[in-house]
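Have a look at the structure below before the remarks.
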Amino acid sequence: MHEPDPPSLPTDPDVPAAPPPVDASPAAVPDESAPPGSPNPAPALLGIGAIVLAAAGALAWTAGWIGGGLTAQRMTDAIEAIGAPHPGFRRAHAKGVCVYGTFRANGAAVALSSARVFAQKETPVLGRFSIAGGDPHGADAKARVRSLALLLRTDDGQEWRTAMNSFPFFPVATPEGFHAQSLASAPDPKTGKPDPAKLAAFVAQYPEVKKFQAWAASAPWSNSWGNTEYNGVNAFVFTAADGSARYVRWSMRPQLPFAPLESAQRDQADADFLADDLNARLIAAPLAWDMVLTIAAPGDAVNDASQAWPDDRERVVAGTLELTRAEPQASGRCRDVNYDPLILPTGIAGSDDPILAARSAVYSQSFNRREREIAHGRAPEATGRGGAQ
Amino acid sequence: MNGHERFNLTARVLHWTMAPLIVAMLFVGVGMVASVANRPWLIDLHRPLGIAILVLVVVRLVNRLRHRPPPLPADLPRWQVLAALASHWLLYALMLAMPLAGWAMLSAGGYPIVLFGGVHLPAIAPQDPALYAWLRDAHGWAARLLFATVLLHVAAALFHAWVRRDGVFGSMARFGRRD
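Residue numbers (this note's numbering), protein chains in the order written: chain A, -12 to 376; chain B, -2 to 176.
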């Protein structure tokens, strides 16, 4: 009846329970593999305690509860610390409006990706225009960056969510750089403004941001969300039905011709001029963008969103996005959507770009925090149930 | 109690299959929420693993209700008997509730529930921010409670194995020719 135990099992349960005579040499060192014949329970108890503590410590470390590593929570905390709290609003790109429309594929991208969205004639779109920054009352004309997020749901139930920006490349290459930027952008308690020395140190440590600063200083401003180009900036892997795979970045190129917003106009623009302009345009006619896929050539940076690809890369227009209706975000369906850029249909997958993974992690934090505030009734303004709008 | 009775083979196989899955799930869960770099692959693992655990725990509960486990030693203090009973049913409840809460939470948050490739599960709850927030918190706190209960369970099992040496550990851990 004494079949051999598997080697990992520490004891033979058939040994009688009565303890052997007490040995006079208690071991002080915890030993996880206390021999079954051990006369003193102390080593076994210490071993059990050590196992439990080690497991609890490992979980706490994995969860970021101990240790000072960069976590999604800390990144989100740093973003929140740049401005005043605005419960129920997104932690970044807090000001925006919901938009509705349709994506019409032209079939040209079927050769690149098996995603249904490129074959299906029409896909309904739930989108959101926004401006960068954490203030839901920020002045539209002060926001250098504008954004368009889209949720496309095809008839096979798959979803493609994307959050695009008006900049042509990301300011920094890594989450660490982004976090450093958030920390350096927090207002100094003494002056109420970011500390120039900290900003300078950030730029010195992450020099790729100089390219972004040059773009911000020189690129012309457009006078509407509707004539702005929005870029996915991160690279994704497109896999076609034949199994071939390519790195791709996408953009939404406006069909409306570019019209500038000069510096003098910006100084006089109404705080909400972008939403007012959008509403006026949509009453008159839908707004349209071409979805442009840019295919990487060998050697292009596919894991660094701070590096633009050369202009001569192959481009494929995959279809047309048409937006027909806008709605305030407090009552619109986009409010409770997390535009996680890694919610993708089969045929599109994320690349190794570390910014992409970090965006997904931080968007989730932001979503959880604002939905919790809405759930607990702490977000009257974000839900349109407050007084002043 | 004698030292020879064991859980039936189904119970033992399910126990030792699910134990590493559940421990891995808890680490994957807290890791994917915190990690800036590893969330994509961890969340891709988390959903199908959770559904696998849900299926396994249903089989396990049916087996548990149809087969009495071996009795505990007669000399085990009454509070330990009660603690064993309570913690085992708490484990079953959490193993069942955790994946359901996760599934319902994704539904309420308006997320697609992707298992792998193009395989989706339907929503099991309406999209609603209050429900999402409640389920999200419940999922997180239930995970902490499950981890604490697992640690207690491991400590008690090792106490039986190394200190009491009363056959309780072997009733789940021994595999051998008598099957």
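We put the beta carbon where it would ideally sit given N, CA and C, even for glycine.
query	result
Find the residues of chain B that neighbour M62/A, judging by a C-beta separation of less than 9 Å, and give them in chain order.	V33
Can you find a C-beta in chain B that's less than 8 Å from the C-beta of A15/A?	Low confidence applies to A15/A: its pLDDT is 40, below 50, so where it sits in the model is not reliable enough to give any reading.
Residues of the region 221 to 247 of chain A with a CB closer than 7 Å to any CB of chain B: list them in chain order, please.	none
Check the C-beta distance from W48/A over to G55/A and give it rounded, since I have them as a contact under 8 Å.	No, W48/A and G55/A are not in contact; Cβ-Cβ is about 11 Å, not under 8 Å.
Looking only at C-alpha atoms, which of I19/B, G114/B, V10/B sits nearest to A94/B?	I19/B
Give a yes or no on contact between the region 143 to 153 of chain A and the region 328 to 348 of chain A, applying the rule of three or more CB pairs nearer than 8 Å.	yes
V39/A CB to nearest chain B CB: under 8 Å?	yes
For A348/A, which residues in chain B fall below 7 Å Cβ to Cβ?	S32, V33, R36
Go through its chain and collect everything with a Cβ distance to D263/A's Cβ below 6 Å, but skip five positions before and after it.	none
Which two residues bound the contiguous beta strand (DSSP E) that contains Y87/A?	82 to 92
Does DSSP put F113/B in a helix, a strand or coil?	strand
Can you tell me which of the three DSSP states P17/B falls into?	helix
Do the CB positions of V160/B and L46/A come within less than 8 Å of each other?	no
Name, please, each residue of chain B whose Cβ falls closer than 8 Å to the Cβ of E146/A.	P109
Count the other CB atoms, across all protein chains shown, that sit within 10 Å of the CB of H157/B; report buried if there are 16 or more and exposed otherwise.	buried
Compute the distance between the beta-carbons of T161/A and P341/A, then report whether it is under 8 Å.	yes
Are G99/B and H136/B touching if we call contact CB-CB under 8 Å?	yes
Put A47/A into one of helix, strand or coil per three-state DSSP.	helix
Do D323/A and E368/A have their beta-carbon atoms positioned less than 8 Å apart in this structure?	no
Closer than 9 Å, Cβ to any Cβ of chain A: which residues of the region 112 to 135 of chain B, in chain order?	G114, G115, H117, P119, Q124, D125, P126, A127, L128, Y129, A130, W131, R133, D134
State the start and end residues of the unbroken beta strand (DSSP E) segment that holds L265/A.	Counting along the chain, L265/A falls outside any beta strand (DSSP E), though it belongs to the alpha helix (DSSP H) covering 260 to 271.
Across the region 257 to 274 of chain A and the region 204 to 223 of chain A, are there enough close Cβ pairs to call them in contact, namely three or more that are closer than 8 Å?	yes
Residues of the region 83 to 100 of chain B with a CB closer than 8 Å to any CB of chain A: list them in chain order, please.	none
Would you mind working out which of L155/B, D125/B, F172/B sits nearest H363/A, comparing C-alpha positions?	D125/B
Can you give me the C-alpha to C-alpha distance between V78/B and W52/A, rounded to a whole angstrom?	34 Å
Using a C-beta to C-beta distance shorter than 7 Å, which residues of chain A count as neighbours of F156/B?	I35
How many angstroms separate the CA atom of L155/B from the CA atom of H80/A?	52 Å
Quick check: the region 66 to 78 of chain A against the region 109 to 123 of chain A, are at least 3 beta-carbon pairs closer than 8 Å?	yes
I need the DSSP call for E67/A, collapsed to helix, strand or coil.	helix
Look at the alpha carbon of P67/B and the alpha carbon of A292/A, and state the distance between them as a whole number of angstroms.	60 Å
For L261/A, which option in V39/A, A128/A, A29/A has the closest C-alpha, if you only look at C-alpha atoms?	A128/A
Leaving out five residues on either side along the sequence, give the residues of the same chain with a beta carbon under 8 Å from the beta carbon of R300/A.	T281, I282, A283, A284, D287
Quick one: which residues of the region 42 to 76 of chain A get their C-beta closer than 7 Å to a C-beta of chain B? List them in chain order.	A42, A43, L46, T49, A50, G51, L57, T58, A59, Q60, M62
Considering only their Cβ atoms, is the gap separating L170/A from A65/A smaller than 8 Å?	yes
CB-CB under 6 Å to A4/A, same chain, minus the five flanking residues each way: which ones, in chain order?	Unreliable placement is indicated for A4/A, whose pLDDT of 42 sits below 50; the coordinate value is still reported in the next sentence. Closer than 6 Å at the Cβ level, and outside the excluded window around A4/A, lies no residue.
What do you get for H64/B, buried or exposed, if any count of 16 or more other CB atoms within 10 angstroms of its CB means buried?	exposed
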